[in-house]
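This report refers to the structure that appears directly beneath it.
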Amino acid sequence: MGRWRATAALLLNRSATTKTINSLLPIPNLISCLPKALHFSYPLSHRLFSAIPSRVSDYSNDIEYGPHDLAPNYILGRKEDEEFGKIPVKAYFLCTSIDLKRMQAENLCNVVPPISRSTNYIALRYCSFPTEITALGVKDCICSQYMVVFQYGSAVLFNIEDHEVESYLEIVRRHASGLLPEMRKDDYAIKEKPLLVEDMQGGADYIVLKTLDTDSIRIIGSVLGQSIALDYFVSQVDGMVEEFADINRAMEKTGTFTMDRKKLLQLVGKANSNLADVILKVGLFERSEIAWRDAKYAQIYEYLREEYEVTQRFGNLDFKLKFVEHNIHFLQEVIQNRRSDLLEWCIIFLLSIENIISIYEIVWG
């Protein structure tokens, strides 16, 4: 009889566990907000984010079974001295423009409500509810994944594994224009350490935060998005610098200049548009409203801008653009002088014809 009672108790435990699991499964509306490729992908390594500015915490429900007590014992929270692992952050620059209004309308259930008047970006949150069943009970972990998308073509992904990235980028591509033949990428990481004395601490390719919230995600995303976009514009200007270097080397060897006026004007337009995009579209010198309101976020903002050397890199970009501008001005003068020489020869030719006609009339008059 003892064995039958033990078996009955075990079956009852399994039944209670199943009910607990069913009660904790995600509702269909939340699942419908996930990308199709991720509906049934629940990696257990993901970290939890808070939807509001508050500490990010893990929720773990441990059910212990005793021989005479079948009631679950829920333990919420975690030990204060436990340090979170790294949260992966991936920044991509994949196009020159993104239609944020259309993207927001299509992904309305995932949009994080904006807290500022800025229309330069939107933040999207995707939630999954993985459940790990062990012999001792049920362990639940709510995983939040964030994507911050910027109008000028950057997308920054938080807590998203490599095999999931393409599904999220495909959401962006549906609303993108001017897709680049080669996408640019940068990796970063975040650690959360609640016992940290300061609000933040820097590390090698990662940042340690006392608390991680949506405002921190916005701040980090803005700097990483600007940095990866700046990489693209620097590469464009580097290409122009190299092109002018080739022209100068050819002039040094041959002593002539063969570029036509149309090609030169195209280079002028490209240089001016790159500078305008960096200043106006990317907003490299527009300070975040979140950083203005709270010194904690201002510290994160300034640290990341210094870490990524945003100001110094823009200074280098500006110097290269001035070099390009100087070359353009010089070559414009060369083309202008060449046209002046052509006009002078045309005038000489016409005067010669006029003189010949005059001599003919005098001789045969």
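For the sequence shown, the UniProt record's numbering assigns the number 1 to the initial residue and increments by one for each residue that follows. Backbone N, C-alpha and C fix where the C-beta goes; we use that ideal spot for every residue, glycine too. For clarity, every value in this text was computed on a predicted model and none was experimentally measured.
The secondary-structure analysis by DSSP pairs D187 across a beta bridge with K90. The closest CA to that of A291, considering only N274, Q299, I356, is found on Q299. Within the same chain, Cβ atoms closer than 7 Å to the Cβ of N120 are found at F150, Q151, G283, the five residues on either side in sequence being excluded. For the pair V310 and I279, the Cα-to-Cα distance works out to about 12 Å. Look at Y308 here: in three-state DSSP terms it is coil, with no helix or strand label. Counting C-beta atoms within 10 angstroms of its own C-beta, Y188 has 16 or more neighbours from the protein chains shown and is therefore classed as buried.
Fewer than three beta-carbon pairs drawn from the stretch 321-329 and the stretch 211-230 are found closer than 8 Å, and the two stretches are therefore not classed as touching. The DSSP-derived three-state label of R125 is strand.
Per DSSP, reduced to three states, the secondary structure at E192 is strand. Between the stretch 111-126 and the stretch 238-247, the count of Cβ pairs shorter than 8 Å is below three; the stretches do not touch. Under DSSP, the beta-bridge partners assigned to F150 are Y121.
Around the beta-carbon of Y360, fewer than 16 other beta-carbon atoms lie within 10 Å, marking it exposed.
Beyond the five residues adjoining it in sequence on each side, K185 comes within less than 6 Å, by CB distance, of Y92 in the same chain, given in chain order.
Cβ-Cβ distances below 7 Å link G202 to Y303, E307 in the same chain, with the five nearest sequence neighbours on each side left out; the list follows chain order. Counting the other CB atoms within 10 Å of its CB gives F349 a total below 16, which places it among the exposed residues. Burial state of C346 is exposed, judged by a 10 Å Cβ sphere holding fewer than 16 other Cβ atoms. The DSSP-derived three-state label of A298 is helix. With respect to the 7 Å criterion, N274 and Q236 are classified as neighbours on the basis of their beta carbons. In the three-state reduction of the DSSP assignment, M200 falls in the strand class, which pools E and B. Residue nearest to L267 within the set Y206, H326, G178 is H326 (criterion: CA-CA distance). Within a 10 Å sphere around the beta-carbon of V197 sit fewer than 16 other beta-carbons, which makes this residue exposed.
Boundaries around L209 are those of the beta strand (DSSP E), 207-209, since no alpha helix (DSSP H) includes it. The beta carbon of G178 sits closer than 7 Å to the beta carbons of C95, T96, S97 from its chain, once the five residues preceding and following it are set aside; these are given in chain order. Around the C-beta of D260, fewer than 16 other C-beta atoms lie within 10 Å, and the residue is accordingly described as exposed.
Residue environment analysis places D277 among the buried positions, since at least 16 neighbouring C-beta atoms fall within 10 angstroms of its C-beta.
A straight-line Cα-Cα distance of about 41 Å links L343 and N316.
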